[in-house]
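Numbering (our numbering), first residue to last: 49 to 253.
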């Protein structure tokens, strides 16, 4: 059997975010400085398409015989959990969840828009449709309630998260490793300050 390289970073951005987000740029620069492969696909707002995009990238990394470090932020943390529970990740792969959405079908229901409303915003604006909520509900059911490899999962939860309840994260990922941030926010705008502790988890997992 061919020995695996160290790892590849797969960063999964959050709702209406992109590969150009602050955290994505920081991780990309860090990966380049350490000669680590970095992948961050731009995701569709349609959860079904986004999930398949993430799955395809993860499967490609797995075919290269490389261990994966999957880092998901907010809704990206939900997709990372879905990937971990249902797809290609194995007991050697590591998952880092940054303020992950636990039940996004509930929270994102507030973001549903009709076609007329979205057309007012811009011609290329893609609305979050009610059918997407139903897709998220199916994905939540697929994830289940018990994390498969909790020792390989680090939850990073900010008490100051103004969008999601950090206590729900701690409860759902109760068997995983935790890094609780007392003073940060949903976007973890001080991510660079916490990265050394996160990377330390990667190095010793």
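From the three backbone atoms N, C-alpha and C, an ideal C-beta is built for every residue, glycine too.
Cβ of residue i within 8 Å of any chain D Cβ
i: residue 91; result: Given the protein chain composition of this structure (a single chain), no chain D is represented.
Opening and closing residue of the alpha helix (DSSP H) in which residue i lies
i: residue 246; result: 239 to 251
i: residue 97; result: 95 to 111
i: residue 124; result: 123 to 134
i: residue 183; result: 178 to 191
i: residue 80; result: 70 to 81
i: residue 152; result: 152 to 155
Cβ-Cβ distance between residue i and residue j below 8 Å
i: residue 176; j: residue 122; result: no
i: residue 151; j: residue 196; result: no
i: residue 147; j: residue 205; result: yes
i: residue 91; j: residue 145; result: no
i: residue 96; j: residue 134; result: no
Closest residue to residue i among the options (Cα-Cα distance)
i: residue 149; options: 133, 139, 184; result: 184
i: residue 112; options: 127, 55, 147, 208; result: 55
i: residue 84; options: 60, 92, 116, 68; result: 116
i: residue 188; options: 99, 70, 87; result: 99
i: residue 178; options: 198, 71, 156; result: 156
i: residue 255; options: 213, 139, 207, 240; result: The structure shown does not extend to residue 255, since the chain is modelled only from 49 through 253, so no value can be given for it.
i: residue 186; options: 126, 174, 75; result: 126
i: residue 193; options: 238, 130, 237; result: 130
i: residue 153; options: 70, 142, 212; result: 212
Straight-line gap, residue i to residue j (C-alpha atoms, nearest Å)
i: residue 201; j: residue 210; result: 23 Å
i: residue 299; j: residue 229; result: Lying outside 49 to 253, the shown extent of the chain, residue 299 is not represented and no answer is given.
i: residue 104; j: residue 58; result: 12 Å
i: residue 166; j: residue 235; result: Reliability of the predicted coordinates at residue 166 is poor, the pLDDT of 46 falling under 50, and the value obtained from them is presented with this limitation in mind. In a straight line, the C-alpha of residue 166 is about 25 Å away from that of residue 235.
i: residue 224; j: residue 252; result: 15 Å
i: residue 107; j: residue 114; result: 10 Å
i: residue 94; j: residue 124; result: 13 Å
i: residue 217; j: residue 128; result: 14 Å
i: residue 77; j: residue 89; result: 16 Å
i: residue 168; j: residue 159; result: With a pLDDT of 44 at residue 168, under the threshold of 50, the predicted position of this residue should be treated as unreliable, and no value is reported.
i: residue 82; j: residue 74; result: 13 Å
i: residue 242; j: residue 174; result: 33 Å
i: residue 60; j: residue 102; result: 8 Å
i: residue 180; j: residue 246; result: 32 Å
i: residue 66; j: residue 142; result: 22 Å
i: residue 250; j: residue 70; result: 20 Å
i: residue 233; j: residue 239; result: 10 Å
i: residue 119; j: residue 86; result: 11 Å
i: residue 244; j: residue 68; result: 21 Å
i: residue 237; j: residue 231; result: 10 Å
Cross-strand partners of residue i (DSSP beta bridge)
i: residue 86; result: 57
i: residue 225; result: 202
i: residue 146; result: 121, 204
Span of the beta strand (DSSP E), counted from its first residue to its last, around residue i
i: residue 260; result: Outside the displayed range of the chain (49 to 253) lies residue 260, so it cannot be described from this structure.
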